[in-house]
Structures are given as C-alpha cells and as structure tokens.
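Q: Got a structure for you, written out below as structure tokens; questions coming shortly.
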Amino acid sequence: MAFIIEIEQSKLGVAVENLTYLIQSSDGESFLTVRKENRLALPESTLELSRTFENQAAQNCLLATGVDVDPKAIRLNTCGNDHIILCFATADSQTPPKGSEWVGADEIKDIAPELPENVRKYLDRVSQSRLPEAHYGFDVL
0 MAFIIEIEQS KLGVAVENLT YLIQSSDGES FLTVRKENRL ALPESTLELS
50 RTFENQAAQN CLLATGVDVD PKAIRLNTCG NDHIILCFAT ADSQTPPKGS
100 EWVGADEIKD IAPELPENVR KYLDRVSQSR LPEAHYGFDV L
C-alpha cells in the first residue's frame with residue numbers, strides 16, 4: 000500500500016497531512032478504491048503530525064477503508080518532493096469493505112492522474128507483469 004501524503008498547515012498552526020491510500024491486494028493484481036459521489040476514488044484521510052506516524056497511519060487506513068494494516072509493515076520513502084511521502088504496507092483483507100472495489104493498475108492511473116511519477120511507473124510495472132507472455136515478445140505455444 001502506498002500513502003501519498005501532502006503536508007499542510009491548519010489554521011491553528013498544527014501540521015496536518017492529507018493521506019491518499021494506494022492499497023494493493025496481497026495477490027498483487029488489483030488495488031482498492033472507494034465509491035465517492037458516484038465515481039471511484041482512492042481512499043483518503045487526514046493525520047495530525049503531533050501523533051506517532053506509523054500507528055496513526057495504520058489506524059487511519061482501517062477507519063478510511065476497513066482494511067487492517069500492520070503498523071510494523073509501514074515503510075516511509077520520500078519521492079523527491081518535500082510535500083509528498085510514500086508509505087508502503089501490506090493489507091491482510093482480500094474482501095473489499097462495503098462501498099469499495101478492487102480495480103487494476105491501469106484504472107488507478109485513470110482514477111488518480113495526480114499520482115507522483117514514481118507511483119505511476121510502479122503501476123505500469125504491475126500492469127505489465129500481469130500481461131500474457133505474448134506481450135513480452137515471447138511466442139505462446
């Protein structure tokens with residue numbers, strides 16, 4: 000799972016992070032989306048920086064999506080933009096919560112065109128890894 004986090008300052012001066020979750024199924028074939036205003040979107044939530052990040056990010060994921068995430072599995076990785084941090088974690092659930100659905104990597108790129116370039120490249124790799132061998136230039140016998 001990747002969290003795309005943009006840091007903002009609230010009116011009270013407390014730093015708040017807007018989290019967008021990219022949750023990959025454990026079989027690696029699809030990503031979790033939620034239905035918002037009759038369209039699919041990536042799950043979102045906010046987080047105050049004053050809390051322990053990993054535990055709160057995992058808790059927010061559970062609240063936003065119904066998917067339980069192990070806080071110990073979250074890894075932080077900056078992507079060259081001071082305002083965006085990616086968190087990767089694993090999710091145990093295969094059955095999407097009510098109002099959610101699993102979609103392919105190509106659909107995620109259409110749903111969230113604002114994703115950072117490194118995430119889009121990752122989605123390209125995931126999408127290509129699921130193609131039949133003929134798409135890799137090999138003949139299928």
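Under numbering that gives the first Met the number 0, think of the first position of the sequence shown as 0, with each following residue one higher. Glycine residues also receive a C-beta, built at the ideal position from the N, C-alpha and C atoms.
Have a look at residue 25 and residue 65 and give me their C-alpha separation to the nearest angstrom.
A: When rounded, the distance between both Cα atoms is 15 Å.
Q: At what residues does the beta strand (DSSP E) containing residue 120 begin and finish?
A: Run containing residue 120: none in the beta strand (DSSP E); it sits in the alpha helix (DSSP H), 116 to 128.
Q: Which residues in the same chain as residue 105 place their Cβ atom closer than 7 Å to its Cβ, once the five residues preceding and following it in sequence are excluded?
A: Taken in chain order, the residues that qualify are 126.
Q: When DSSP labels each residue in this structure, what does residue 19 get in the three-state scheme?
A: Residue 19 falls in the strand class under three-state DSSP.
Q: How about residue 118 and residue 32: do their beta carbons lie closer than 8 Å?
A: Taking 8 Å as the Cβ cut-off, residue 118 and residue 32 do not qualify as a contacting pair.
Q: With the cut-off set at 8 Å, would you say residue 56 and residue 42 are in Cβ contact?
A: No, these two residues do not count as a Cβ contact at 8 Å.
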